[in-house]
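A.B. asks: This is the structure I want to talk about, given as structure tokens.
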Amino acid sequence: MVATTKIKGVVVAAGLAALLMTGAARFALAEEVTLSMAVPDWPPTRVMKKFFDEQYKPKSGNTVKLDVDFIPWPDFYTRVNASLTSGEQKYNFIVSDSQWLGAFVEGGYFRKINDLLDADPDFKKAFMEIHPNPLNAYATYPYKSQNYYGFPQFPDVLVTYGRKDVLCDETEQKNFMAKFKKKLPCTGEEIDAMTWDDFRNVGEFFRRKKGEMLAGKPADDDFYGIAFQAGKAYDFSSMQVNGLIWQMGGDIWDETQVPKGQAEGVVNSPIAVKALEKYLGLIEYMPPVARTGTMDIFKSDELFREGKVAMNVDWIGLAEASLDPKASKVVDKLVFGQMPGTIGPDGKMVRWSNIGGQPFVLTTWTTDVQIKEAVEFVKWWLSPAIQHQYAAAGGQSAIKSVYSDPKYVTYRPWNRAWAPSLDWQKDVWHVPQFFELLTEQQDQFDLAITGKQDAKTTLDNIAKFQQNLLTEAGLIQ
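Under mature numbering (1 follows the signal peptide of the UniProt record, and there is no 0), residues -30 to -1, 1 to 447 are what the sequence shown spells out, in order.
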């Protein structure tokens, strides 16, 4: 009996010691890991940080902190570029515009992720459930290759914002029909069916001076029918012009055709010139600020929320503010549809558009421990449950099982336009020469927008510049 007790005591003691040792080992293995991320300061990234702080629990047992540097959009590229090229190695994660991939991959800053995907079949499977257009835009370099660098943080597309109180007004409907022999688009489905010619008609119809009748009462300010991006800064005209060129059957310089794809004869083709002329023709019906080259995405959104335009084509990423009574005078008057399209030769609608949104990427100096935690965070972020929550909070998901769920369209009024738009997304260039290409194009478009240059001269100048630059870079032979 005594012997048995001693044996049991030894067993208990040994078990306790083992437990303490195991606990000590676990404690010793646990680490504090900080992931530093540079992001643009807007709702999609603020929501991500909120979700991380409130919900994320690392499977490793480590204490993981997401240290987010929120940078205003106008300064974002400049700050990120300065950080990367200075060698300070400040960030592990960067929310990158897709167009930056080539420059920052070739510069040695962005880490290829194929090995991380191959090492985790479940992760790779989830990654491959992303719609191919966002996947190619946000992850691949060269564009549409199988070399992967990014994970979708916030996918985005252009949609049409509408004021249904004005568009659906009985008198306005009657007068529009009398003038154009077509119904004034009012519902989301009717907005979906709009061409750019229809959009132009809305712009012409709704030009009203302060005090003139608008939807049954005097307008309290000058009112305009349409708005969209037409700004010199960053990419604010290119993103709109590219879509019109593609829709009408033209093209920009196509990097997937290197080294045979040309700029001259393509960028300035007669079809492309006609598309730019159509774009410029719409500016006449926009608020006067458009003709100054400062109608960026934020200005057109602001004008819409102030109740000064009937329709605005803009990114979904800005739409959340239109639901905020503190920021929007039209919060109870909203209707959304797809961006206008062009009727093709076969009589079907063509809806090509330049994709927006951003991936987040890993930097090459991120340590193995940080990479492990970063991958676990991304897997959590892309999980259907979190993606649904993100969409319900105003974000978007490019994962088919999420956006094809019937409840997805109930999260926000613009979500009805989300999935149908994905099939029509293309991207601008990913090559390292992206910034030079974009800067020249934006400068030339601004000359046309402000009335200093016609469409043909504008595209001829762009094509010549691109041909020379890309030939010197060995991308055109």
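Ideal Cβ positions, reconstructed from N, Cα and C, are used throughout, including at glycine.
Leaving out five residues on either side along the sequence, give the residues of the same chain with a beta carbon under 8 Å from the beta carbon of residue 150.
C.D. replies: Around residue 150: 171 and 175.
A.B. asks: Whole angstroms are fine: how far does the CA of residue 185 sit from the CA of residue 249?
C.D. replies: Those two C-alpha atoms are separated by around 28 Å.
A.B. asks: By Cβ distance, which residues of its chain are closer than 7 Å to residue 394, with the 5 residues on each side in sequence left out?
C.D. replies: Cβ neighbours of residue 394 beyond the five flanking positions: 321, 322 and 323.
A.B. asks: DSSP state of residue 445, grouped into three classes?
C.D. replies: Coil, per DSSP.
A.B. asks: Tell me where the alpha helix (DSSP H) around residue 337 begins and ends.
C.D. replies: Unbroken run through residue 337: none, as it is neither H nor E.
A.B. asks: Residue 402 by DSSP, collapsed to three states: which one?
C.D. replies: Three-state result, residue 402: coil.
A.B. asks: Taking the beta strand (DSSP E) that residue 307 falls in, what are its first and last residues?
C.D. replies: Unbroken beta strand (DSSP E) run through residue 307: 304 to 308.
A.B. asks: Assuming residue 301 is part of the beta strand (DSSP E), what are its boundary residues?
C.D. replies: Careful: residue 301 lies outside any beta strand (DSSP E) and carries neither H nor E.
A.B. asks: Would you tell me roughly how many angstroms separate the C-alpha atoms of residue 66 and residue 262, rounded to the nearest one?
C.D. replies: Going from the Cα of residue 66 to the Cα of residue 262 covers about 29 Å.
A.B. asks: Just the Cα atoms here: how many angstroms apart are residue 437 and residue 93?
C.D. replies: Distance between the alpha carbons of residue 437 and residue 93: 41 Å.
A.B. asks: Which residues in the same chain as residue 349 place their Cβ atom closer than 6 Å to its Cβ, once the five residues preceding and following it in sequence are excluded?
C.D. replies: Only 93 meet the Cβ criterion.
A.B. asks: Do the CB positions of residue 288 and residue 302 come within less than 9 Å of each other?
C.D. replies: Against a cut-off of 9 Å, the Cβ pair of residue 302 and residue 288 comes out as no contact.
A.B. asks: Report yes or no: do the segment 76 to 94 and the segment 115 to 125 share at least 3 C-beta pairs separated by less than 8 Å?
C.D. replies: As far as the Cβ criterion goes, the segment 76 to 94 touches the segment 115 to 125, which means the pair count is three or higher.
A.B. asks: Are three or more beta carbon pairs between the segment 9 to 19 and the segment 40 to 53 nearer than 8 Å?
C.D. replies: The segment 9 to 19 is in contact with the segment 40 to 53.
A.B. asks: Compare the beta carbon distance of residue 34 and residue 347 with 9 Å and say whether it is the shorter of the two.
C.D. replies: A contact, by the Cβ cut-off of 9 Å.
A.B. asks: Work out the CA separation of residue 22 and residue 358 for me, nearest whole Å.
C.D. replies: Distance between the alpha carbons of residue 358 and residue 22: 15 Å.
A.B. asks: Enumerate, from N- to C-terminal direction, the unbroken alpha helix (DSSP H) stretches of 4 or more residues contained entirely within the segment 239 to 288.
C.D. replies: Listed in chain order, the complete alpha helix (DSSP H) runs (minimum 4 residues) inside the segment 239 to 288 are 240 to 253 and 267 to 275.
A.B. asks: Which value, in whole angstroms, describes the spacing of the CA atoms of residue 144 and residue 178?
C.D. replies: Approximately 17 Å between the Cα atoms of the pair.
A.B. asks: Could you tell me which residues DSSP puts in a beta bridge with residue 155?
C.D. replies: Answer is none; residue 155 lacks a bridge partner.
A.B. asks: So for residue 10, helix, strand or coil by DSSP?
C.D. replies: Correct three-state label for residue 10: strand.
A.B. asks: Given that a residue counts as buried once 16 or more other Cβ atoms are within 10 Å of its Cβ, and exposed if not, what is residue 267?
C.D. replies: Residue 267 comes out buried.
A.B. asks: Around the Cβ of residue -17, are there at least 16 other Cβ atoms within 10 angstroms (buried) or fewer (exposed)?
C.D. replies: Low local confidence applies: a pLDDT of 44 at residue -17 is under 50, so the model's placement there is unreliable, and no value is given.
A.B. asks: Does the count of Cβ pairs from the segment 301 to 319 and the segment 386 to 401 closer than 8 Å reach three?
C.D. replies: Counting Cβ pairs under 8 Å, three or more are found: they touch.
A.B. asks: Please look up how many angstroms separate the CB atoms of residue 104 and residue 125, rounded, as I've assumed it's under 8 Å.
C.D. replies: The pair is a contact, with the Cβ atoms about 5 Å apart (cut-off 8 Å).
A.B. asks: Might you give, ordered along the chain, the residues of its own chain that have their beta carbon closer than 6 Å to the beta carbon of residue 295, omitting 5 neighbours on each side?
C.D. replies: Around residue 295: 301.
A.B. asks: Bridge partners for residue 323 per DSSP, in chain order?
C.D. replies: DSSP, once it has assigned bridges, lists 395 as partnering residue 323.
A.B. asks: Which residues bound the beta strand (DSSP E) around residue 196?
C.D. replies: Element bounds for residue 196: 194 to 197.
A.B. asks: Does the beta carbon of residue 48 fall short of 8 Å from some heavy atom of the ligand MN?
C.D. replies: The ligand MN is not among the ligands present in this structure, which contains no ligands whatsoever.
A.B. asks: At the level of alpha carbons, what is the spacing between residue -4 and residue 344?
C.D. replies: With a pLDDT of only 45 at residue -4, under 50, the local geometry of the prediction cannot be trusted, and no value is derived from it.
A.B. asks: Terminal residues of the continuous beta strand (DSSP E) containing residue 38?
C.D. replies: Note, residue 38: beta strand (DSSP E), 33 to 41.
A.B. asks: Taking the C-alpha atoms as reference points, what is the distance between residue 423 and residue 406?
C.D. replies: Near 21 Å, if we compare the C-alpha coordinates of residue 406 and residue 423.
A.B. asks: Buried or exposed for residue 331, please, with buried defined as at least 16 other CB atoms from any protein chain shown within 10 angstroms of its CB.
C.D. replies: With 16 or more other Cβ atoms within 10 Å, it is buried.
A.B. asks: Here's a check: name, in chain order, each residue in its chain whose Cβ is nearer than 7 Å to the Cβ of residue 366, leaving out the five neighbours to either side.
C.D. replies: Around residue 366: 124, 125, 126, 286 and 388.
A.B. asks: So for residue 229, helix, strand or coil by DSSP?
C.D. replies: Residue 229: coil per DSSP, three-state reduction.
A.B. asks: Going by DSSP in three states, residue 439 sits in which element: helix, strand or coil?
C.D. replies: The answer is helix: DSSP assigns residue 439 an H, G or I state.
A.B. asks: Whose C-alpha, out of 412, 165 and 51, is nearest the C-alpha of residue 211?
C.D. replies: Residue 412 is the option with its Cα nearest to residue 211.
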